[in-house]
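Chemist: Using our numbering, the first residue of the sequence shown is number 995, and each one after it goes up by one. Next up is a structure, given as C-alpha cells.
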Amino acid sequence: MLNSLLQIVIGAGATVGYLSLWNRILKSTAAARAEGDEGLERRFRQRRRLAQLVLFLMLTPYVLIVFRLMDWVSAVLVPTGG
C-alpha cells in the first residue's frame, strides 16, 4: 500500500514539475512579448520552437529516470530476499 502510494506521489509530482517547467519556458518565449516588433517576434517564435523541440526530446529520458526512481523506492521498501 505504501509502495503504491509513493509511486503515485512520485509520478504525479514528476508530471506536475515537468509540465510546470514546460509552461514557464514557453511563457518566457511567447511572441506576444515582442509588442509589435516583427524581428523580435520572429526570434521569440524560433526560440519557442527550439524550446518545444528540446523539451519534447528530453521527455523520454525524464520519464525513464522517474520510473527508475520508482523502482528504487520499491526496492528499498520491499527488499527481495536474495
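Note that CB positions come from ideal geometry on N, CA and C, so glycine has one too.
So residue 1064 packs on residue 1004, CB below 8 angstroms; how close in whole Å?
Modeler: Contact holds; Cβ gap of about 6 angstroms.
Chemist: Using a Cβ distance threshold of 8 angstroms, determine whether the segment 1051-1066 contacts the segment 996-1012, with at least three qualifying pairs required.
Modeler: yes
Chemist: Using a threshold of 6 angstroms, is the CB atom of residue 1016 nearer than that to any non-hydrogen atom of the ligand FAD?
Modeler: Absence of the ligand FAD from the depicted structure is noted, as is the absence of any ligand whatsoever, leaving it without description.
Chemist: What is the DSSP secondary structure of residue 1032, counted as helix, strand or coil?
Modeler: helix
Chemist: Can you give the Cα-Cα distance for residue 1073 and residue 1045, rounded to whole angstroms?
Modeler: 41 angstroms
Chemist: Helix, strand or coil: which one does DSSP assign to residue 995?
Modeler: DSSP places residue 995 in coil when its eight states are reduced to three.
Chemist: Check this for me: beta carbons of residue 1042 and residue 1023, under 7 angstroms apart or not?
Modeler: yes
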